[in-house]
């Protein structure tokens, strides 16, 4: 079985952070929210990893 993509030998965690203070409010419409959520879900599914908030 092929190995899953490995971020680091030291840690299996990848941290994604988001800064929103004083930024353009890009998630104002439901359409943008849906596209973003679907893209993250597709990346999560294809990469075989868990997103936790």
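Numbering (this note's numbering), first residue to last: 431 to 483.
Glycine included, C-beta positions come from ideal geometry on N, C-alpha and C.
Simplified DSSP state of residue 454, which is helix, strand or coil: In the displayed model, residue 454 falls within coil according to three-state DSSP, outside both helix and strand.
Collapsed DSSP secondary structure at residue 443 in the structure displayed: In this structure, residue 443 counts as coil in the three-state DSSP scheme.
8 angstroms Cβ cutoff met for residue 470 and residue 481: In this structure, residue 481 lies closer than 8 angstroms to residue 470 by Cβ.
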